[in-house]
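Student: Can you read through this structure? Questions will come right after.
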Amino acid sequence: MGVIIKVEYWYRHLISTHFLPPAGYGPRYEELARVVQSEFPDAEVSGFVGRKGSFEIVINGQLVFSKLKTSGFPYEEDVLNMIQCAQDGKPVEEVTRSRMPCVIM
Numbered sequence: 004m005g006v007i008i009k010v011e012y013w014y015r016h017l018i019s020t021h022f023l024p025p026a027g028y029g030p031r032y033e034e035l036a037r038v039v040q041s042e043f044p045d046a047e048v049s050g051f052v053g054r055k056g057s058f059e060i061v062i063n064g065q066l067v068f069s070k071l072k073t074s075g076f077p078y079e080e081d082v083l084n085m086i087q088c089a090q091d092g093k094p095v096e097e098v099t100r101s102r103m104p105c106v107i108m
C-alpha cells in the first residue's frame, strides 16, 4: 500500500504597500519531503500553502502532526516512524512531541 503524505505549511507573500521579504515554512517542508523521499522512495509527498502559522502533516488522510496545536516543529524521526507504521499497515498516532521554533531576541 502506498503512503500519501500531505503537508500544509505557512508562507507569507509580499504585502501590498510594505515590503516584507517572503518568509514561512516552505524550506522546512522541502527538507522534510527530501528526507521522507530518501527513506520511503515510493511515498507520495506533497505540500501546499495553508493557514498562518501552520505546519500540519497528514498521512493517508489522518492528521499526525499539528504545529497549530504544539507551537513547534516535528522531529523528523517521529514523522518517519509514523510513515513506517502506515506502510506496515499499523495504526498511525498523532505526534505531540515537537521542537520549539527558533526565536531571535
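Take the position in the sequence shown, starting the count at 1, then add 3; the result is the number in our numbering. Note that CB positions come from ideal geometry on N, CA and C, so glycine has one too.
Please state whether DSSP places Lys9 in a helix, a strand or coil.
Tutor: Here residue 9 corresponds to residue number 6 of the sequence shown, with the count starting at 1. In the structure shown, Lys9 sits in a strand (DSSP, three-state: E or B).
Student: Could you tell me which residues DSSP puts in a beta bridge with Leu66?
Tutor: Here residue 66 corresponds to residue number 63 of the sequence shown, with the count starting at 1. Answer by DSSP bridge pairing, in chain order: Val61.
Student: Report, in whole angstroms, the separation of the C-beta atoms of Ile86 and Val10, which I expect to be a contact under 8 Å.
Tutor: In the sequence shown, residue 86 corresponds to position 83, counting from 1. In the sequence shown, residue 10 corresponds to position 7, counting from 1. Not really, about 12 Å apart at Cβ, beyond 8 Å.
Student: So Ser49 is in the beta strand (DSSP E); what residue range does that whole segment cover?
Tutor: Along the sequence shown, one-based indexing puts residue 49 at 46. Start and end: 47 to 52.
Student: Do you know whose CA, among Val61, Asn84, Asp81, Gly56, lies nearest Ser74's CA?
Tutor: In the sequence shown, the residue the question calls residue 74 occupies position 71. Selected option, being the one with the closest Cα: Gly56.
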